[in-house]
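These notes concern the structure reproduced below.
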Amino acid sequence: DAGVIQSPRHEVTEMGQEVTLRCKPISGHNSLFWYRQTMMRGLELLIYFNNNVPIDDSGMPEDRFSAKMPNASFSTLKIQPSEPRDSAVYFCASSLEFYEQFFGPGTRLTVL
Amino acid sequence: RKEVEQDPGPFNVPEGATVAFNCTYSNSASQSFFWYRQDCRKEPKLLMSVYSSGNEDGRFTAQLNRASQYISLLIRDSKLSDSATYLCVVNMGGTALIFGKGTTLSVSS
Chain A
68 DAGVIQSPRH EVTEMGQEVT LRCKPISGHN SLFWYRQTMM RGLELLIYFN
118 NNVPIDDSGM PEDRFSAKMP NASFSTLKIQ PSEPRDSAVY FCASSLEFYE
168 QFFGPGTRLT VL
Chain B
234 RKEVEQDPGP FNVPEGATVA FNCTYSNSAS QSFFWYRQDC RKEPKLLMSV
284 YSSGNEDGRF TAQLNRASQY ISLLIRDSKL SDSATYLCVV NMGGTALIFG
334 KGTTLSVSS
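Quick note, the sequences are listed as chains A and B, same order. For the record, in the first sequence the residue sitting at position 80 is 147 according to our numbering, with numbers rising by one throughout. For the record, in the second sequence the residue sitting at position 39 is 272 according to our numbering, with numbers rising by one throughout.
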């Protein structure tokens, strides 16, 4: 079975550009999470969805960040405009209700 | 105070050693607890859940002390393949998890 799929795996962009990260959760999972990981701050929850509905977006750093989940098999995290301090690894994870979260391989974002 | 705190290490141990990691959490209403493992440049993966009675999975033993808000992970007979970062994780209700920054373990031959 396929795990959580994320694209792109690596993204290098210039400050001010729009960045879109994509995630396909495991089929049948109804919760989806977006995390950001840096050396300084560790793994931080940005937003999570349950049954395609955003439940908690209190971790989204500012208005430049937005996330959508138009259907059960796809989600996007968008940064517009991007800044160098957004450089991090962005993970998507999915789970069935309260059970184990399965993480995707991550997108390594570098903003120059 | 951070919600989940861990000693970042690194812990450098020889093969065969026993090593213990500790973690404290700030919210007494926390409901469930886990240890995740993250290899270098990889995603986190669930290692084991932590139950109030303590639980063991092979060489790994996890303990929970709710009164002290303290979680531990013991690894016996360390292997080279145990080298990784171990993340203490707390669920405060609902589906969202709170991750500690992780403790890095390096096992050498």
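Even glycine gets a Cβ: it sits at the ideal position worked out from N, Cα and C. These numbers were taken from a predicted model, which means no experiment stands behind them.
Residue of the options minimising C-alpha distance to residue i
i: residue 286 (chain B); options: B:236, B:296, B:248 and B:279; result: B:296
i: residue 292 (chain B); options: B:255, B:280, B:261 and B:239; result: B:280
i: residue 322 (chain B); options: B:243, B:256, B:250 and B:244; result: B:256
i: residue 264 (chain B); options: B:288, B:276 and B:326; result: B:326
i: residue 98 (chain A); options: B:311, B:314 and B:330; result: B:330
i: residue 141 (chain A); options: A:117, A:78, A:149 and A:152; result: A:117
i: residue 268 (chain B); options: B:244, B:288 and B:311; result: B:288
i: residue 319 (chain B); options: B:305, B:336, B:332 and B:304; result: B:336
i: residue 168 (chain A); options: A:157, A:177 and A:93; result: A:93
i: residue 179 (chain A); options: A:121, A:128, A:152 and A:108; result: A:152
i: residue 283 (chain B); options: B:304, B:300 and B:277; result: B:304
i: residue 299 (chain B); options: B:242, B:260, B:240 and B:239; result: B:260
i: residue 124 (chain A); options: A:113, A:81 and A:171; result: A:113
Close-in-space but distant-in-sequence residues of the same chain around residue i (CB under 6 Å, 5 per side omitted)
i: residue 144 (chain A); result: 88, 101 and 134
i: residue 258 (chain B); result: 237, 302 and 323
i: residue 85 (chain A); result: 147
i: residue 246 (chain B); result: 252, 311 and 340
i: residue 77 (chain A); result: 175
Residues near residue i in its chain [Cβ-Cβ closer than 7 Å; skip 5 each side]
i: residue 111 (chain A); result: 102, 103 and 126
i: residue 317 (chain B); result: 270, 271, 272 and 338
i: residue 74 (chain A); result: 89
i: residue 166 (chain A); result: none
i: residue 105 (chain A); result: 155
Cβ neighbours of residue i in the same chain (closer than 8 Å, five flanking residues each side left out)
i: residue 138 (chain A); result: 119
i: residue 262 (chain B); result: 325 and 326
i: residue 249 (chain B); result: 310 and 311
i: residue 244 (chain B); result: 252, 254, 336, 337, 338 and 339
Strand pairing of residue i, partner residues [DSSP]
i: residue 109 (chain A); result: A:105
i: residue 281 (chain B); result: B:268
i: residue 290 (chain B); result: B:293
i: residue 77 (chain A); result: A:175
i: residue 256 (chain B); result: B:239 and B:304
i: residue 163 (chain A); result: Paired residues: none, contrary to the question.
i: residue 135 (chain A); result: A:143
i: residue 321 (chain B); result: B:268
Outcome for residue i when other beta-carbon atoms lying within 10 angstroms are tallied against a minimum of 16
i: residue 115 (chain A); result: buried
i: residue 161 (chain A); result: buried
i: residue 251 (chain B); result: exposed
i: residue 315 (chain B); result: buried
i: residue 342 (chain B); result: exposed
i: residue 275 (chain B); result: exposed
i: residue 277 (chain B); result: buried
Distance cut-off 8 Å: residue i Cβ against heavy atoms of the ligand SAH
i: residue 87 (chain A); result: The ligand SAH is absent from the structure shown, which contains no ligand whatsoever.
Chain D residues whose Cβ lies nearer than 7 Å to that of residue i
i: residue 317 (chain B); result: Reference to chain D is not applicable here, since the protein chains of this structure are A and B.
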